[in-house]
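Asks: Here the sequence shown stands for residues 41 to 236, numbered as in the numbering used here.
In this text, a Cβ means the ideal position worked out from N, Cα and C, and glycines have one as well.
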Amino acid sequence: MPRPLRTIAQGVTYHCYTRCHGKRDLLKSRYGRRHFIEAVQMCQGKYVFELIAAETVANHIHLLIKTVEDEETISRIMQYIKARIAEKYNRATGETGTFWNERFGSTIIEESDNPEQYLLWLLWYIGYNPVRKGLSHDPRKNEIGFINCYLDENFNSQIKFTLHEYFYNLGNSFSIRVKRFLEYEEAYLKRLALWV
């Protein structure tokens, strides 16, 4: 049975995720995370898009990417990032073969029932992913730590992040936006407690 075609749209926000081959923990080492950071930086130098969030977990990655009208598609952006990570990993380890398990999955945020609430909640879900997997104790202390860009106006990240317009809709000043954004963290933690 053929795979369903991916919805490709420009000027929308995608939540993209993909796993390592065999669900192996190929990204768990600091080198795996370094390969991820370098691949994203290379992609940002090649293509025009907005990176809203990005985080690695031991065996998968999450990216929130907003494509730009008349620029590269989400497929081209993700293909480039995945290929660079695999190349860097194989070169560093001397391995050959498949690095990724399958094609990446994606959803379009703007197609959800309540895009603004979904995106703001999703930022915390992605930030807490390494915490849930026991790789970190706090999303603010993750190696990539994109969530700090939404909490500290002067945060200097290793990767260039663009704060999403939905974050700006939270208030007229950065401090008001942060206060309201932290309410989403509180709601996420309550929901997480119910899952455990």
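Tell me the residue span of the beta strand (DSSP E) that contains Y57.
Replies: 53–59
Asks: Are three or more beta carbon pairs between the region 70–77 and the region 123–130 nearer than 8 Å?
Replies: yes
Asks: Taking the straight line between their C-alpha atoms, what separation do you get for N212 and R220?
Replies: In a straight line, the C-alpha of N212 is about 11 Å away from that of R220.
Asks: From the DSSP output, which residues share a beta bridge with A94?
Replies: L103
Asks: Tell me which residues share the same chain as A132 and place their Cβ nearer than 8 Å to its Cβ, disregarding the 5 neighbours each side in the sequence.
Replies: Y71, H75
Asks: R217: buried (16+ other C-beta within 10 angstroms of its C-beta) or exposed?
Replies: With 16 or more other Cβ atoms within 10 Å, it is buried.
Asks: Taking the DSSP output, what are the residues bridged to I259?
Replies: Since the first residue of the chain shown is 41 and the last is 236, residue 259 is not available in this structure.
Asks: Does the Cβ-Cβ distance between L159 and I149 come in under 7 Å?
Replies: yes
Asks: Which partner residues of F89 appear in the DSSP bridge assignment?
Replies: T107
Asks: Short of 6 Å in beta carbon distance, which residues of its chain neighbour A93, apart from the five on each side in sequence? Order them along the chain.
Replies: L104, L163, I166, F186, listed in sequence order.
Asks: Have a look at the DSSP bridge pairing and note the partners of W140.
Replies: C60
Asks: Q157 and I77 - do their beta-carbons sit closer together than 7 Å?
Replies: For the pair I77 and Q157, the CB atoms are not nearer than the 7 Å cut-off.
Asks: If distances are taken between C-alpha atoms only, which option among R172, H102, Y120 comes closest to A79?
Replies: Answer by Cα proximity: Y120.
Asks: Just the C-alpha distance for A49 and H204, rounded to the nearest angstrom, thanks.
Replies: Using only the alpha carbons, I get a separation of about 17 Å.
Asks: For K106, count neighbouring Cβ atoms within 10 angstroms of its own Cβ and tell me buried if that reaches 16, exposed if not.
Replies: Buried.
Asks: Identify whether K181 lies in helix, strand or coil by the three-state DSSP scheme.
Replies: helix
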